[in-house]
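What follows is a set of notes on a single structure, which appears directly below.
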Amino acid sequence: MKNQAPIGQIIDGVALSQALRADIASRTQALLARGIKPGLAVILVGENPASQVYVRNKVRACQDCGLHSVLEKHDARMTEADLLARIDALNNDPSIHGILVQLPVPAHINASKVIEAIAPAKDVDGFHIASAGALMTGMPGFWPCTPYGCMKMLESIGFELKGKHAVVIGRSNIVGKPMALMLLQKNATVTICHSGTQNLKDLTLQADLIVAAVGKRNVVTADMVKPGAVVLDVGMNRNPEGKLCGDVDFAGVKELASYITPVPGGVGPMTITMLLVNTLEAAERVASQHP
Ligand code: GUN
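Numbering (numbering that gives the first Met the number 0), first residue to last: 0 to 290.
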């Protein structure tokens with residue numbers, strides 16, 4: 000009998016993260032044996048409630064895997080100059096291998112200036128122009144954690160990207176644009192869609208892979224999906240009942256997609272896992288310079 004393509008398989012970001020974090024913990028132990036403890040500094044300016052949850056989860060994940068972490072919480076009135084001074088200090092702190100400033104920062108602080116102040120060797124978010132340039136040109140560098148996590152999810156199901164049509168919905172610097180570049184590097188044919196795209200459904204119906212990264216509910220519905228397509232949902236929204244949901248109509252699309260990521264429990268946990276991977280990688284690079 001011919002193998003049937005699977006339908007409605009869940010890519011479990013929690014389970015995949017657990018497997019990857021076991022490897023992170025053992026690589027961390029190997030560095031510890033050489034006297035190096037990978038360290039991440041997380042800076043939060045202000046009291047954005049969602050950001051507070053995100054930074055807490057990042058720091059907890061570090062602790063769970065044996066990494067050193069520092070959480071700096073600053074008042075929303077912190078000046079840009081003071082923040083830049085903190086980044087400079089952390090750039091020069093040998094116990095810190097990765098620096099992350101949680102976004103958004105308050106309006107009086109220029110986010111680009113802050114990102115560009117982080118030493119590229121410690122840019123574990125992958126947001127610095129040097130990291131973006133490295134990704135674009137295929138040079139070694141840090142990849143932004145969310146699209147990097149998406150690539151790991153595709154790898155986990157053995158999805159061969161070569162020759163496939165990938166439709167990325169969203170063009171942010173954090174997800175959409177780097178996602179498209181990573182898929183391109185694996186020889187997919189990539190279409191980037193955004194709020195100005197006029198024929199979204201025509202394009203998604205051609206897609207072997209859809210990555211939804213808009214931040215709006217029901218951007219992708221069942222009528223927009225080719226049977227057997229893989230659907231990754233990067234969205235993090237609330238429905239009218241207050242329940243967490245993604246950009247994809249999960250219940251409807253699950254009936255058509257071969258593989259789909261849930262929200263919560265899909266891409267979200269992978270983002271944090273890839274932050275740990277990048278931090279570990281930063282520490283391993285330092286270790287390789289001092290054998
Ligand atoms: N805000 C939303 N997502 C992210 C992220 O991945 N990194 C940082 N630093 N801020 C964010």
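C-beta atoms are modelled at their ideal positions from N, C-alpha and C, and glycine is treated no differently.
A quick note: this is a predicted structure, and the numbers were derived from the prediction, not measured.
- At a Cβ-Cβ threshold of 7 Å, C64 and A24 count as neighbours.
- The alpha helix (DSSP H) runs of length 4 or more contained entirely in the stretch 199-228 are, from start to end of the chain, 199-203.
- Collapsing the DSSP output to three states places T188 in a strand.
- Under the three-state reduction of DSSP, Q8 is assigned to strand.
- Judged by DSSP in its simplified three-state form, L66 adopts coil rather than helix or strand.
- Annotated three-state conformation of I42 is strand, per DSSP.
- Here the distance from the Cβ of L99 to the nearest heavy atom of the ligand GUN is below 6 Å.
- Closer than 6 Å to some heavy atom of the ligand GUN: that does not describe the Cβ of D246.
- Put simply, the stretch 30-39 touches the stretch 274-288. At least three CB pairs are less than 8 Å apart.
- Taking the Cβ atoms as the reference, F141 lies roughly 13 Å from I173, outside the contact range of under 8 Å.
- Within the chosen limit of 6 Å, the ligand GUN does not reach the beta carbon of L231 with any heavy atom.
- In this structure, A211 sits near V247, with a CB-CB distance shorter than 7 Å.
- In this chain, V166 is not harboured by any alpha helix (DSSP H); it is covered by the beta strand (DSSP E) spanning 164-168.
- With respect to the 7 Å criterion, L134 and L180 are classified as neighbours on the basis of their beta carbons.
- Take the alpha-carbon of S257 and the one of G162: they are about 18 Å apart.
- Counting C-beta pairs closer than 8 Å gives three or more between the stretch 4-22 and the stretch 261-271, which meets the contact rule.
- By the Cβ rule, the stretch 189-198 does not count as touching the stretch 216-232, because fewer than three pairs are nearer than 8 Å.
- Where G97 is concerned, the enclosing beta strand (DSSP E) starts and stops at 97-100.
- With a contact defined as Cβ atoms closer than 8 Å, A131 and A165 miss out at about 19 Å.
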